[in-house]
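J.: Encoded as structure tokens, here's the structure I'll be asking about.
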Amino acid sequence: MSGPAEGDKAPDFELETADGPIRLADFAGKTLVLYFYPKDDTTGCTREAQDFTALAADFAKAGAAVVGVSKDTVAKHRKFVAKYELGVVLGSDPEGAVIERYGSWVEKTLYGRQYMGIDRSTFLIKDGVVKRIWRKVKVANHAQQVLEAAKSA
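Structure representation (structure tokens):
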């Protein structure tokens, strides 16, 4: 699995969001929680987005912005946000370039079948440097763990 290691400079990115494009430079001097997830409106991805939304005020207090990324379109993201009243920014990476740059496009196995998919992973970035990485994330309590790390970043 490629992608950055803790202590590396975060790979640059530009993503479309419902509010226009965002890039790594927009978060200079701030803490960024960049999380990659497989698909809008699926059980685990919905729970993860809801958990980050529930802690949005705490992340803001810790000086951290939260951005979720999948291959879904901005239009799908808008529907997902509206349906669940989500409070996180969702970036669209339809070509998967950013997902690959962060090493989150991986071979997966389901019922013995191998395929390529998004590894549920989270990157804590401060001042353009990757401070912490979570790979193969289990959704339960994940947002809380990321918040604790963001507070001490």
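Take the sequence shown: its letter number 125 is residue 130 in the numbering used here, and every next letter is one higher.
Glycine included, C-beta positions come from ideal geometry on N, C-alpha and C.
#1: What would DSSP say about E100, mapped onto helix, strand or coil?
#2: To the nearest angstrom, how far is it from the Cα of Y120 to the Cα of W110?
#3: If you draw a straight line from the C-alpha of V71 to the C-alpha of V151, how long is it?
#4: What residues match up with E19 in a beta bridge as DSSP calls it?
#5: Which runs of the alpha helix (DSSP H) fall wholly inside the stretch 56–128 and span at least 4 residues, in chain order?
#6: Can you grab the Cα-Cα spacing for the pair I27 / A148, in whole Å?
#7: Taking only the alpha-carbon atoms, compute the straight-line gap between R52 and V144 and give it to the nearest angstrom.
#8: When the distance is taken between beta carbons, is F41 closer than 8 Å to I104?
T.: According to the structure data:
#1: coil
#2: 10 Å
#3: 10 Å
#4: R28
#5: 61–66, 79–89, 102–106
#6: 22 Å
#7: 7 Å
#8: yes
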